[in-house]
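**Q** Chains as they are written, first to last, in our numbering: chain G, 3 to 287; chain V, 3 to 287.
Number of protein chains: 2
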Amino acid sequence: MPQVITDIAAMQKTVVGLRRKGKRIAVVPTMGALHEGHLTLIREGKKLADAVITTVFVNPKQFGEGEGFERYPRALEDDARLATAAGSDYVFAPGAGMMYPDGFATVVDVERLSSILEGQSRPGHFRGVATVVTKLFNITTPDVALFGQKDAQQVVVIRRLIRDLNFNIEFVVVPTVREPDGLALSSRNRYLSAEQRAQAPVLYQALLLAEQLIRGGERSCKQIVGAMKAMIRSRSSAIIDYVSIGDADTLDEQYECLPGRSLLISLAARFGTTRLIDNIIVTVR
Amino acid sequence: MPQVITDIAAMQKTVVGLRRKGKRIAVVPTMGALHEGHLTLIREGKKLADAVITTVFVNPKQFGEGEGFERYPRALEDDARLATAAGSDYVFAPGAGMMYPDGFATVVDVERLSSILEGQSRPGHFRGVATVVTKLFNITTPDVALFGQKDAQQVVVIRRLIRDLNFNIEFVVVPTVREPDGLALSSRNRYLSAEQRAQAPVLYQALLLAEQLIRGGERSCKQIVGAMKAMIRSRSSAIIDYVSIGDADTLDEQYECLPGRSLLISLAARFGTTRLIDNIIVTVR
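(1) DSSP has V/ILE55 in a bridge; who is on the other side?
(2) Check the Cβ-Cβ distances between G/PHE71 and every residue of chain V, and say whether any is below 8 Å.
(3) Locate the alpha helix (DSSP H) running through V/VAL18, then write down its first and last residues.
(4) Given a cut-off of 8 Å, decide if G/THR57 and G/PRO31 are closer than it, judged by their beta-carbon atoms.
(5) Contact defined as beta carbons within less than 8 Å: I believe G/VAL245 pairs with G/LYS224. What is the distance between those atoms, to the nearest angstrom?
(6) For V/ILE141, return the contacting residues in chain G, with the cut-off set at a CB-CB distance below 9 Å.
(7) Since V/ARG114 meets chain G, which of its residues come closer than 8 Å, beta carbon to beta carbon?
(8) Please indicate yes or no: does the CB of G/GLY47 lie closer than 7 Å to some heavy atom of the ligand NAD?
(9) Can you tell me whether V/LYS23 is buried or exposed? The criterion is at least 16 other CB atoms within 10 Å of its CB, across all chains shown.
(10) Enumerated in chain order, which unbroken segments of the alpha helix (DSSP H) with a length of 4 residues or greater are wholly contained in the region 241-281 of chain G?
(11) Report the rounded CA-to-CA distance for G/VAL159 versus G/LEU205, giving the unit in angstroms.
(12) Closer than 9 Å by beta-carbon distance: list the chain G residues that pair up with V/ASP111, in chain order.
(13) Between G/THR136 and chain V, is the shortest Cβ-Cβ distance under 8 Å, so that the two count as touching?
(14) Any C-beta of chain V sitting closer than 8 Å to the C-beta of G/ILE10?
(15) Along the chain, where does the beta strand (DSSP E) that runs through V/GLY150 open and close?
(16) By how many angstroms is the C-alpha of G/GLU220 removed from the C-alpha of V/ASN170?
(17) Using a C-beta to C-beta distance shorter than 7 Å, which residues of chain V count as neighbours of G/LEU163?
(18) Identify the contact partners of G/GLN14 in chain V, using a Cβ-Cβ distance below 9 Å as the criterion.
(19) By Cβ distance below 7 Å, which residues in the same chain neighbour V/THR42 in space, the five residues on each side in sequence not counted?
(20) What is the DSSP secondary structure of V/SER116, counted as helix, strand or coil?
(21) Assuming contact is defined by CB atoms lying nearer than 8 Å, are V/ALA35 and V/PRO96 in contact in what I supplied?
(22) Name, in chain order, the residues that DSSP records as bridge partners for V/ILE283.
(23) Pull up the CB-CB distance for V/PRO144 and V/ALA28, whole angstroms please, since I reckon it's below 8 Å.
Here is the structure:
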């Protein structure tokens with residue numbers, strides 16, 4: 003049976019012991035409901051460190067009102083088994099009461115980057131992410147932290163957080179893992195009806211369309227976003243939340259696809275009550 | 003000549019080396035202009051750790067408009083000499099441009115505790131403190147951090163910060179060091195005119211009056227605060243900013259001195275343009 007640690011002090015004692023032996027530590031922060039995307043992060047972590055800690059914590063502070071905190075899938079036993087099989091040495095799964103005890107009062111906020119795109123749709127989301135990631139970093143004291151490109155804005159926010167707060171941590175971003183038809187893996191995909199599931203790959207198709215248009219010489223972001231939205235609307239019943247072309251580092255919205263620039267093309271859309279996100283990075287030639 | 007490190011990466015490399023050798027690290031965060039209060043922190047740190055790092059950084063983010071950031075005393079050479087003589091192994095003195103480079107966007111905020119008392123007089127002050135202390139903790143990775151009771155609210159805020167963000171750090175608070183006439187040591191005392199300096203001990207006298215009244219059975223905080231203010235006004239030309247009796251942990255303002263409770267009696271007053279603070283903790287019998 004895999005080793006699940008639920009106590010913060012026990013986890014800290016474990017990492018102090020690992021450090022004393024000179025072991026390199028990798029952390030893979032997750033909300034559980036592990037899929038192949040998470041397992042890829044764990045396998046990559048194992049290549050870069052002696053000990054991999056997978057954290058499983060459905061963080062209440064990153065869910066807004068009605069964003070499904072209650073219904074978010076929880077399957078700690080399966081998660082522990084999958085994580086361990088992928089090479090994780092420890093699964094750290096604290097309770098919410100231990101992470102946010104009475105009197106908890108501290109927030110970590112990466113300003114500006116947190117309030118646009120996903121942050122505009124989900125106020126407070128990235129404040130919750132930045133706060134819990136800071137806590138998890140302090141508890142696990144990793145040499146390496148691994149995150150998935152799937153959550154592109156989270157990647158940008160946490161890269162900034164690590165830099166700004168001087169965490170001495172190597173930040174590794176792992177490419178999005180996709181279903182054969184292109185749909186990005188997500189713990190939320192299980193909520194899709196058969197019909198929604200059949201339509202959902204349109205999100206990735208729209209991203210590929212953008213890449214194709216840019217490669218073909220289209221420079222107007224407005225034109226590209228318009229074509230993407232039209233494709234999603236014509237091939238699905240999804241309600242588009244946003245389609246964005248921004249600078250991959252600053253997230254600044256772009257009007258023109260300037261040569262040499264790395265663009266983050268990202269989108270969010272709702273299939274019924276299930277909100278999906280996806281993105282690609284395109285470097286303009 | 004004492005060893006002054008001005009580069010963040012160099013400091014991080016040094017602490018990684020110390021950790022590898024199993025050394026215990028203590029950090030004493032200061033804004034420089036070191037006096038006997040700081041030196042006491044360093045000496046205490048030396049008792050608790052193998053290596054003491056004194057940080058010297060006049061943090062622009064904790065000064066408001068017109069709060070004297072520009073005129074705050076800077077004397078790095080003297081500081082390095084004094085710190086080293088007191089037992090500090092390293093002096094870490096980064097520049098502001100290195101601590102807050104272009105694009106810096108992250109804030110750490112201990113809510114509520116930061117917005118009352120000093121925080122009410124100095125909006126943003128404790129956000130600046132919490133942010134820089136988080137950075138300094140991450141750069142120096144201490145086992146022990148030492149702070150002076152002189153800055154009582156800072157002590158409460160940082161105790162909460164350490165707990166909330168799960169820093170694995172022993173938090174040590176060292177009693178306020180005073181001049182023979184009772185005036186709390188402060189880098190700002192040097193700004194006082196001879197007359198102001200002669201009057202300034204009234205602040206501590208007012209605190210002692212409060213303790214005496216409580217010991218004598220007075221239970222009304224309003225009465226006590228009134229007596230303190232009257233004393234300060236009658237014996238000095240100081241403008242009182244606040245006089246407060248709060249719970250020593252939560253800082254909740256108290257109306258009655260309830261037996262068994264630890265009270266933080268704190269005050270701030272201006273002598274001309276120089277703002278002084280002081281406090282004592284009284285446990286009600």
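Backbone N, C-alpha and C define an ideal beta-carbon position, used for all residues, glycine too.
**A** This is what the structure holds:
(1) V/VAL29, V/TYR92
(2) So, not an interface residue.
(3) 10-22
(4) Yes, the pair counts as a contact, with Cβ atoms nearer than the cut-off.
(5) Their Cβ separation, rounded to whole angstroms, is 11 Å, which puts G/VAL245 and G/LYS224 out of contact at 8 Å.
(6) ASN168, ASN170
(7) ALA107
(8) Looking at this structure, you won't find the ligand NAD or any other ligand, since it has none at all.
(9) exposed
(10) none
(11) 23 Å
(12) Simply ALA107, THR108, VAL109, VAL110, ASP111.
(13) yes
(14) yes
(15) 146-150
(16) 52 Å
(17) THR108
(18) ASN168, ASN170
(19) VAL176, VAL179
(20) Here DSSP, grouped into helix, strand and coil, assigns V/SER116 to coil.
(21) Going by C-beta atoms, V/ALA35 is not nearer than 8 Å to V/PRO96.
(22) V/LEU266.
(23) 6 Å
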